[in-house]
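To start, the structure under review is shown below, and the notes come after it.
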Amino acid sequence: MASLSADELIDRRRIRRKLTFWRAATIIILIISLFVLVRWMLGDRVAATPHIAQIRIEGTITEDEKLLDRLEDIRRSKAVRGVIVTVDSPGGTTAGGEAIYEEIRLIAQEKPVVAQVGTLAASAGYMIASAADHIVARQSSIVGSIGVLVQLPNLTGLMEKLGIGVEEVKSSPLKAEPSPFNETTDEERAMMRAMIMDSYDWFVDLVTERRPLSREEVLTLADGSVFTGRQAAQAKLVDALGGEREAKQWLVEKGLDENLQVVEWRPRSDDVSLFMPEIASRWLARVLGYSTEEQLIRALGAERIFLDGLVSVWQPDASRALD
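Those letters in the sequence shown? Residues 109 to 431, by this note's numbering.
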């Protein structure tokens, strides 16, 4: 009986140790999960120590309220000492580019801002890059395409084949015109051209203000042409060749500490849960001293959207592509 009691005592002590371990582990997991959730609720981008903020402008540009809010947060953050705007975009809506441009200019009034062009900064993408006080591009980057366009679909031929007609009652001839349901008239083309040229003049004036070029020099470049990074540097559309390292070096030359870490300010995910691996891995990577985890691979051409309003976007002519 004495031997059996000893065995029972040992088992109880073993079970007690296991319970203590799992209780402690549960408390630690809850603390980490709560910390991760709080960081997400605060924007998953709060940095208490001084740093250089990096913001990415990628893909088709629209008037993105979340992006604008993020830029405002960067401007207000006392921890942000300088900003790297990384641009990789063919452009988008002119109004969307204007909104982002203006927000970056507000930041530049308080902190040094440098733009770093990746593969592409065309049209509204270049407009945004020009908001920075210094532009760095790769030698093989695509830069430029300064201009504005409106594309007008014409469905009249298809409608005629299908026997479809559209009747309209409107207050004046130019109301809701041009329309894809009828041929565009000379008056409608004149109206659209006047609107486009007004926005084009505004775009040219913006580039003239931001770049060391006269308006006449900008006009020679603003015919919709795109340039390599090397050509753009010669034309003074960009200031230097390089990447993030050269962009950070410019900030250092402006007085920032070279030991400041570059921290990317990212958007919050809309579908985050308490134990979401992406948020946890991002937090863990930073705790362990790593800059970022791998970004999601964007499927080229997977997202096609219709852009309302005037468009500043570079669109290569697919009809000329070789088979």
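Here a beta-carbon is modelled for each residue, glycine too, at the ideal position from N, C-alpha and C.
Remember, it's a predicted structure, so these values are computed and weren't measured experimentally.
Cα separation between residue 382 and residue 135? Caution applies to residue 382, whose pLDDT of 37 falls short of 50 and renders its modelled position unreliable; the value that the coordinates give is listed next. Straight-line Cα distance between these residues: approximately 15 Å.
Helix, strand or coil for residue 254? Go by DSSP, reduced to three states. In this structure, residue 254 counts as coil in the three-state DSSP scheme.
Among the residues of its own chain, which have a CB less than 8 Å from the CB of residue 205, if the five just before and after it don't count? 169, 199, 231, 232, 233, 235, 236 and 420
Could I get the ranges of all uninterrupted beta strand (DSSP E) runs contained in the segment 170-207, with 3 residues as the minimum, in chain order? 188-201
Coil, strand or helix - residue 233 by DSSP: helix
Between the alpha carbons of residue 123 and residue 167, how many angstroms are there, rounded? 56 Å
Inter-stretch contact (C-beta, 8 Å, three-pair minimum) for the segment 329-341 and the segment 241-257: yes
Does DSSP classify residue 383 as helix, strand or coil? In this prediction, residue 383 scores a pLDDT of 39, lower than 50, which makes its location untrustworthy; the coordinate-derived value is nonetheless stated afterwards. Of the three classes helix, strand and coil, the one that applies to residue 383 here is coil, per DSSP.
Rounded separation between residue 284 and residue 371 - CA only: 47 Å
What ranges does the beta strand (DSSP E) occupy inside the segment 273-360, keeping only unbroken runs of at least 3 residues that lie completely in it? 334-336
Evaluate residue 224 with the Cβ neighbour count: other Cβ atoms within 10 Å of its Cβ, from every protein chain shown; 16 or more gives buried, anything less gives exposed. It counts as buried.
If distances are taken between C-alpha atoms only, which option among 258, 280, 291 and 333 comes closest to residue 300? 258
Take every Cβ of the segment 257-276, pair it with every Cβ of the segment 355-368, and state whether three or more of those distances are shorter than 8 Å. no
Going by alpha carbons, who is nearest to residue 351 out of 302, 215, 226 and 266? 226
Answer yes or no: the CB of residue 215 versus the heavy atoms of the ligand NAP, is any distance below 7 Å? The ligand NAP is not among the ligands present in this structure, which contains no ligands whatsoever.
How many Å lie between residue 202 and residue 140 at the Cα? Going from the Cα of residue 202 to the Cα of residue 140 covers about 43 Å.
Could you check how far apart the C-beta atoms of residue 344 and residue 323 are, in whole angstroms? I think they sit under 8 Å. So it is not a contact: roughly 13 Å between Cβ atoms.
So which of 181, 316, 347 and 312 has the shortest CA-CA distance to residue 331? Residue 331 has its Cα closest to that of 312, out of 181, 316, 347 and 312.
Check whether residue 329 and residue 158 have beta carbons under 8 Å apart: no
Give the single residue among 297, 282, 289 and 321 whose Cα lies nearest to the Cα of residue 268. 289
C-beta contact flag for residue 208 and residue 191 at 8 Å: Result no, Cβ atoms of residue 208 and residue 191 do not sit closer than 8 Å.
Using the beta-carbon count (16 or more within 10 Å), is residue 373 buried or exposed? buried
For residue 240, which three-state DSSP category applies? Coil, per DSSP.
Assigned exposure category for residue 238 - 16 Cβ within 10 Å defines buried: buried
Whole angstroms are fine: how far does the CA of residue 180 sit from the CA of residue 306? Taking C-alpha positions only, residue 306 is separated from residue 180 by approximately 29 Å.
Please state whether the Cβ-Cβ distance between residue 346 and residue 243 is less than 8 Å. yes
Tell me the residue span of the alpha helix (DSSP H) that contains residue 268. 264-270
Thinking residue 195 and residue 165 are a contact (beta carbons under 8 Å), I'd like their distance in whole angstroms, please. 5 Å
Could you have a look at residue 228 and say whether DSSP puts it in helix, strand or coil? strand
C-alpha gap between residue 321 and residue 287, whole angstroms: Residue 287 has its alpha-carbon roughly 39 Å from the corresponding atom of residue 321.
Can you look up residue 157 in the DSSP assignment and give me helix, strand or coil? coil
Spatial neighbours of residue 334 in its chain, beta-carbon cut-off 8 Å, leaving aside the 5 residues before and after: 230, 250, 251, 252, 253 and 422
Whose C-beta lies closer than 8 Å to the C-beta of residue 246 among residues of the same chain, with five residues either side of it excluded? Short of 8 Å from the beta carbon of residue 246, and not among the five residues preceding or following it, lie these beta carbons of its own chain, in chain order: 225, 226, 227, 337, 349, 350 and 351.
Beta carbon of residue 282 nearer than 8 Å to that of residue 295: yes
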